[in-house]
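Trainee:
Protein chains: 2
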Amino acid sequence: MHNCTSHNDCIADALHRAEEICEARELRFTELRRKVLELVWERHGPIKAYDILDKLDNRIGATKPPTVYRALDFLTDNGLVHKINSLNAFVGCSHPLTHRECYFLICSDCGEAKECCNSEITDVISKTIRRNEFLTDHITLEITGECRDCRGVH
Amino acid sequence: MHNCTSHNDCIADALHRAEEICEARELRFTELRRKVLELVWERHGPIKAYDILDKLDNRIGATKPPTVYRALDFLTDNGLVHKINSLNAFVGCSHPLTHRECYFLICSDCGEAKECCNSEITDVISKTIRRNEFLTDHITLEITGECRDCRGVH
DNA sequence: ATCGCGAATGTTATATTATAACATAATATT
DNA sequence: AATATTATGTTATAATATAACATTCGCGAT
Numbered sequence: 050m051h052n053c054t055s056h057n058d059c060i061a062d063a064l065h066r067a068e069e070i071c072e073a074r075e076l077r078f079t080e081l082r083r084k085v086l087e088l089v090w091e092r093h094g095p096i097k098a099y100d101i102l103d104k105l106d107n108r109i110g111a112t113k114p115p116t117v118y119r120a121l122d123f124l125t126d127n128g129l130v131h132k133i134n135s136l137n138a139f140v141g142c143s144h145p146l147t148h149r150e151c152y153f154l155i156c157s158d159c160g161e162a163k164e165c166c167n168s169e170i171t172d173v174i175s176k177t178i179r180r181n182e183f184l185t186d187h188i189t190l191e192i193t194g195e196c197r198d199c200r201g202v203h
Numbered sequence: 050m051h052n053c054t055s056h057n058d059c060i061a062d063a064l065h066r067a068e069e070i071c072e073a074r075e076l077r078f079t080e081l082r083r084k085v086l087e088l089v090w091e092r093h094g095p096i097k098a099y100d101i102l103d104k105l106d107n108r109i110g111a112t113k114p115p116t117v118y119r120a121l122d123f124l125t126d127n128g129l130v131h132k133i134n135s136l137n138a139f140v141g142c143s144h145p146l147t148h149r150e151c152y153f154l155i156c157s158d159c160g161e162a163k164e165c166c167n168s169e170i171t172d173v174i175s176k177t178i179r180r181n182e183f184l185t186d187h188i189t190l191e192i193t194g195e196c197r198d199c200r201g202v203h
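In structure tokens:
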């Protein structure tokens, strides 16, 4: 599903990057926020808010939905996590410094959400936005289907 | 918000198109499905499932959520309506024969969802899809922000 | 050090969105 | 008419998300 060489390192890297970003921006990367981001990265794919909630319950005692949603709000607001609207799920951002918008190829078979951001797409979308004199807040591009690996299996 | 010259005609046209499409495809365009499509077009913008439910209750007696969701499933499956994932809302498709995918500019101020489909966007997205050897089921492109008209007002 | 402030978290309750499962009715097929 | 298929009705509940208010934490000013 994902192909990082060491998943533990991959999680650690993501947490480290987040730490640095929060420090640079004078944001508070609290234990709760760190824990939620860690759980998102553990899955290394879209994870649901209530699944995070369950995992938190196992590790740091019973928590309630607002706890998780607030942490997710913080993480998404700061580009550390993206929400996948078509799945009602959340996924860690691999390059939180590079760009705010992120495009995804979402496999309905294995559940992976692969980032497929590229400037060519951004450019052509921007052109349409300009032509409509629209003031953009956020771009959601989610492509669902079957990924290369899953296609191969059948 | 929308600028059809006569909104009644606009609704009637949409229903008529739907009728023809269903006939051509040997689909059953039942009273319920027609009514739901009519309510979607009455709003002429994204409408929530439970708002449709309320309006149905007023007109054809109490209905339950599955009634509405099933009609919406039929309409979306057949390209007569699109779901806007970022709003959990549904909007009528203006050109149900032209193409399956539809891109939207969604104004958070007035609530309009303007179609902004164009082949240039489709082409460049297709390129990325091919490069990833992905088998596409559906493309969601939703751009949120402020529309031209609402920007002008401020 | 402690007071006061704003930010973060805890807590209770509930709103919103959506579907499962089974019963009945309407339509099409034989 | 008998049967199969599709659509709708109905009950119940699952899944997702937020409002509102209480408490705690972190931190600068005194």
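Protein sequences, first through last, are from chains A and B.
Just so you know, the first sequence maps onto residues 50 to 203 in our numbering.
Just so you know, the second sequence maps onto residues 50 to 203 in our numbering.
Note that CB positions come from ideal geometry on N, CA and C, so glycine has one too.
For A/Cys199, which residues of its own chain have a beta-carbon under 6 Å away from its beta-carbon, when the five flanking residues on both sides are left out?
Mentor: Correct list, in chain order: Cys156, Asp158 and Cys159.
Trainee: Tell me the DSSP secondary structure of B/Ala73 in three-state form.
Mentor: Three-state DSSP puts B/Ala73 in a helix.
Trainee: Determine contact between the region 105-113 of chain B and the region 121-134 of chain B, defined as no fewer than three beta-carbon pairs at a distance below 8 Å.
Mentor: Contact between the region 105-113 of chain B and the region 121-134 of chain B is absent, because fewer than three Cβ pairs lie under 8 Å.
Trainee: Taking DSSP as the reference, what is the three-state secondary structure of B/Asp158?
Mentor: It is coil, neither helix nor strand.
Trainee: If contact is defined by three or more beta carbon pairs under 8 Å, each pair taking one atom from either stretch, is the region 72-80 of chain B in contact with the region 185-195 of chain A?
Mentor: Cβ pair count under 8 Å is below three, so no.
Trainee: Please return the same chain residues whose Cβ sits closer than 6 Å to the Cβ of B/Glu150, not counting the five positions on each side in sequence.
Mentor: Excluding residues within five positions, the ones whose Cβ falls inside 6 Å are Ile188.
Trainee: Please check if any C-beta of chain B sits within less than 9 Å of the C-beta of A/Asn134.
Mentor: By this cut-off, A/Asn134 is an interface position.
Trainee: Excluding the 5 residues flanking B/Ile178 on each side, which residues of the same chain have their C-beta closer than 6 Å to its C-beta?
Mentor: The residues are Thr185.
Trainee: With a threshold of 9 Å between beta-carbons, can B/Glu169 be considered close to chain A, or not?
Mentor: Yes - at least one Cβ of chain A is within 9 Å of the one on B/Glu169.
Trainee: Would you call B/Ala61 buried or exposed, if buried means 16 or more other Cβ atoms sit within 10 Å of its Cβ?
Mentor: Exposed, by the Cβ-count rule.
Trainee: Grab me the residues of B/Ser143's own chain with a C-beta within less than 7 Å of its C-beta, minus the 5 sequence neighbours each way, in chain order.
Mentor: Closer than 7 Å at Cβ, skipping near neighbours: Glu164.
Trainee: Residues in its own chain within less than 8 Å of B/Thr112 by CB, not counting five upstream and five downstream?
Mentor: So the list reads Leu102, Leu105 and Asp106, once near-sequence residues are dropped.
Trainee: Determine the contact status of A/Arg92 and A/Pro145, defining contact as a CB-CB distance below 9 Å.
Mentor: No. Outside cutoff.
Trainee: Can you have a look at B/Lys132 and say buried or exposed, based on whether 16 or more other CB atoms are within 10 angstroms of its CB?
Mentor: B/Lys132 should be labelled buried.
Trainee: For B/Glu191, return the contacting residues in chain A, with the cut-off set at a CB-CB distance below 7 Å.
Mentor: Neighbours of B/Glu191 on chain A, chain order: Thr189.
Trainee: Checking contacts by CB at 9 Å: is A/Tyr99 closer than that to chain B?
Mentor: Taking Cβ atoms only, chain B never reaches closer than 9 Å to A/Tyr99, which makes this a no.
Trainee: Taking the alpha-carbon positions, what's the B/Thr54 to B/Pro114 distance?
Mentor: B/Thr54 and B/Pro114: Cα-Cα distance of roughly 33 Å.
Trainee: So, is the C-beta of A/Arg149 closer than 9 Å to a C-beta in chain B?
Mentor: So no, A/Arg149 is outside the interface.
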